[in-house]
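Those sequence lines, one after another, are chains A and B. Those letters in the first sequence? Residues 1 to 159, per our numbering, in order. Those letters in the second sequence? Residues 1001 to 1341, per our numbering, in order. Glycine residues also receive a C-beta, built at the ideal position from the N, C-alpha and C atoms.
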Amino acid sequence: MKTPIQFRLNGEDVAAFVEGGANLLDTLREIVGDLSVKGGCWQGTCGTCTVLIDGVPRLSCITLAETCSGSSIETAAGLRRGSELHPLQIAFMERFAAQCGYCTPGMLMAAKALLDKNPNPTRQDVIEAISGNICRCTGYEPIINAVLDAAREHARSRA
Amino acid sequence: MAKHHGRGVATINYPIGMNLGGDPSQALVHSNPTGKFTVSLSSIDLGQGMKSVIRQICAETLGVPVADVYVDTADSDTGPHCTGSFASRGTHRVGNAVMVAAREARAVMMEAAAEELEVDPGDLETDGRGNIRVKGAPHRSITVREVAMAAQFKQGKTIAGRGIFLVPLSDVDPETGEMSPATCYAHACVIVDVEVDDETGDVSVLKMTSAYEIGRAINPKMVEQQLVGGAWMGMSHALYETVEPYYPDPREGPRDFNEYLMPGPGDICPHEIVVLERPAPDGPFGAKGIGEMCANPVLPAVANAIFNAVGVRINDLPITPEKVLRAIKARGGAVPQARMR
Chain A
1 MKTPIQFRLN GEDVAAFVEG GANLLDTLRE IVGDLSVKGG CWQGTCGTCT VLIDGVPRLS
61 CITLAETCSG SSIETAAGLR RGSELHPLQI AFMERFAAQC GYCTPGMLMA AKALLDKNPN
121 PTRQDVIEAI SGNICRCTGY EPIINAVLDA AREHARSRA
Chain B
1001 MAKHHGRGVA TINYPIGMNL GGDPSQALVH SNPTGKFTVS LSSIDLGQGM KSVIRQICAE
1061 TLGVPVADVY VDTADSDTGP HCTGSFASRG THRVGNAVMV AAREARAVMM EAAAEELEVD
1121 PGDLETDGRG NIRVKGAPHR SITVREVAMA AQFKQGKTIA GRGIFLVPLS DVDPETGEMS
1181 PATCYAHACV IVDVEVDDET GDVSVLKMTS AYEIGRAINP KMVEQQLVGG AWMGMSHALY
1241 ETVEPYYPDP REGPRDFNEY LMPGPGDICP HEIVVLERPA PDGPFGAKGI GEMCANPVLP
1301 AVANAIFNAV GVRINDLPIT PEKVLRAIKA RGGAVPQARM R
């Protein structure tokens, strides 16, 4: 039996019918059509499916879609404002923080959750914020530097 | 019970590509009627940046802006043949094939331009910004776009080129077994500093210092990216990852990331890198390949550093705390070796 759910996705109202055990990842990709969310392991161990639910980073592959009714969900597709990229996206490009790119949406969202809460993170804060996200290609160093750059840029733009 | 510091060194002499069947790759380059070029390949960009490097090599050879070259790797059924993206061969093999193809296409482009300008093709040069001009008389020029239009609609020429790169076959000497497996070698030296806890067997990597000799860095930023990430992949294979923990028994292998250990961002260490460029005579613009050889030397360097720290040799990977601890116990305790400076 399918259940109707409603939530906000990147600021817009979304409604969907979902199966009882459907996870948020498959719901976002296959029913809503937001392909910016990637599935890696489907068991909550790789972090690439990270989205923000009411501002908190969550693994969408092990989140039941039904529990998200009434929530506000953010994905990498919503980072950009019109043609203007989010400071994190710019910093990821400039620091060459993506190679194959598969972990990138999850890294961006884990980093956004950090910067929203803590605009002046230390290197250790960044490491902890992305510690649930696995990257095969970069060795993490460019990603950590990109997040620190984005925080500095954000601080400068608000000064 | 103590933590012991150790330093290990390893060097590598890495053959680019292989010699099986001459290790060929093909490329096709053609212009569309507006003077934009497409490189057709069936070589695959796995995220290593081959498309960017090929684009640069092709644009440089043609003498046109990088923005005017598109690399299409879409389909191994319809594209020209490639042996594959492995053995650090992409930049070297495919880059060479693309250079051959781009030279042929450039020759047609220059002939078509010469016909339009009514001069000898040998008197023409490209400015790299989309113009072809008479040497010494730059006011006599024509755009690549105009040339492509004239070739298509007036002269009936195809501005196109074919390229292949094939390694000279090296026969095996029946007496000695000697042969030359590769034509081009990249080199590296890696120093790894570790700390080994003789109570837990835990190995922490404190620092990596390395020098890589890679021919020519076609795209220096991507070279740095590959060296940083690739070296860490080597570290991961040395200390964490294995698909065959009970080799040769295939049962009980890891099924997911709970059982297959991948290091996280908290496990990395500072890595100081020096890149040395000594252009390879048979490389595209002197480039070799940096794919695998940034990871390989890290493994023996880690094993050597552990020996230096506690005096035990671990000969199978990954070097887990359990293996280190068993070896220390078998030796009757940690035996730190002389420190390397």
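{"Item": "Measuring CB to CB, does Val1039(B) end up less than 7 Å from Ile1054(B)?", "Value": "yes"}
{"Item": "What's the C-alpha gap between Met1001(B) and Val1335(B)?", "Value": "12 Å"}
{"Item": "Report the neighbours of Ser131(A) on chain B: residues whose CB is nearer than 9 Å to its CB, in chain order.", "Value": "Gly1264, Pro1265 and Gly1266"}
{"Item": "Give me, in chain order, the residues of the same chain whose beta-carbon lies closer than 7 Å to that of Glu1199(B); leave out the 5 immediate sequence neighbours on both sides.", "Value": "Met1001"}
{"Item": "Kindly indicate which three-state DSSP category Gly1130(B) falls into: helix, strand or coil?", "Value": "coil"}
{"Item": "Compute the Euclidean distance between the alpha carbons of Val126(A) and Ser71(A), then round it to the nearest angstrom.", "Value": "26 Å"}
{"Item": "From Ala1188(B), Leu1041(B), Val1108(B) and Gly1035(B), pick the residue whose C-alpha is nearest to that of Leu1028(B); which is it?", "Value": "Leu1041(B)"}
{"Item": "For Leu1169(B), count neighbouring Cβ atoms within 10 angstroms of its own Cβ and tell me buried if that reaches 16, exposed if not.", "Value": "exposed"}
{"Item": "Have a look at Ala1280(B) and Ala113(A) and give me their C-alpha separation to the nearest angstrom.", "Value": "47 Å"}
{"Item": "Quick one: does Glu84(A) have its CB under 7 Å from some CB of chain B?", "Value": "no"}
{"Item": "Can the beta-carbon of His1005(B) be found less than 7 Å from the beta-carbon of Glu1195(B)?", "Value": "yes"}
{"Item": "With a floor of 4 residues, list each alpha helix (DSSP H) that falls wholly inside the stretch 1045-1079 of chain B, ordered by position along the chain.", "Value": "1050-1062"}
{"Item": "Taking only beta-carbon atoms, is Gln6(A) less than 7 Å away from chain B?", "Value": "no"}
{"Item": "Please list the terminal residues of the continuous alpha helix (DSSP H) segment that includes Asp13(A).", "Value": "Here Asp13(A) belongs to no alpha helix (DSSP H); instead the beta strand (DSSP E) covers Glu12 to Glu19."}
{"Item": "Give me the Cα-Cα distance between Asn1308(B) and Arg136(A), rounded to the nearest whole angstrom.", "Value": "29 Å"}
{"Item": "Taking 7 Å as the cut-off, decide whether the C-beta atoms of Cys1184(B) and Ile1012(B) are in contact.", "Value": "no"}
{"Item": "Using beta-carbon positions only, say whether Ala1102(B) and Thr1061(B) come within less than 7 Å of one another.", "Value": "yes"}
{"Item": "Pick out the complete alpha helix (DSSP H) segments inside the stretch 1078-1165 of chain B, 4 residues or longer, and give them in chain order.", "Value": "1095-1117 and 1144-1150"}
{"Item": "Closer than 8 Å by beta-carbon distance: list the chain A residues that pair up with Lys1221(B), in chain order.", "Value": "Phe96"}
{"Item": "What are the boundary residues of the alpha helix (DSSP H) that Asp1316(B) is part of?", "Value": "Element bounds for Asp1316(B): n/a, residue is neither H nor E."}
{"Item": "Apart from the five residues just before and just after Pro4(A), which ones in its own chain have a Cβ nearer than 6 Å to its Cβ?", "Value": "Phe17"}
{"Item": "With distances taken between CB atoms, is the gap from Ala76(A) to Ser36(A) smaller than 7 Å?", "Value": "yes"}
{"Item": "Is there contact here, the stretch 1215-1227 of chain B with the stretch 1297-1314 of chain B, by at least three beta-carbon pairs under 8 Å?", "Value": "no"}
{"Item": "Would you mind giving the Cβ-Cβ distance between Gly40(A) and Ile1268(B), rounded to the nearest angstrom? I have them listed as a contact below 8 Å.", "Value": "That belief does not hold up - the Cβ atoms of Gly40(A) and Ile1268(B) are roughly 20 Å apart, past 8 Å."}
{"Item": "Using 8 Å for Cβ pairs, my map puts Thr48(A) next to Pro105(A). What's the rounded Cβ distance?", "Value": "7 Å"}
{"Item": "Is it right to say Thr1176(B) is buried, meaning 16 or more other beta carbons lie within 10 angstroms of its own, or is it exposed?", "Value": "exposed"}
{"Item": "Rounded to whole angstroms, what's the CA-CA distance from Ser1031(B) to Ala1148(B)? Just pull it up for me.", "Value": "7 Å"}
{"Item": "Which of the residues in the stretch 1025-1049 of chain B, read from start to end, lie with their CB under 9 Å from any CB of chain A?", "Value": "Leu1046, Gly1047, Gln1048 and Gly1049"}
{"Item": "Who are the neighbours of Gly101(A) on chain B, taking C-beta pairs under 9 Å?", "Value": "Gly1047"}
{"Item": "Can you check whether the C-beta of Asn1131(B) is within less than 7 Å of a C-beta belonging to chain A?", "Value": "no"}
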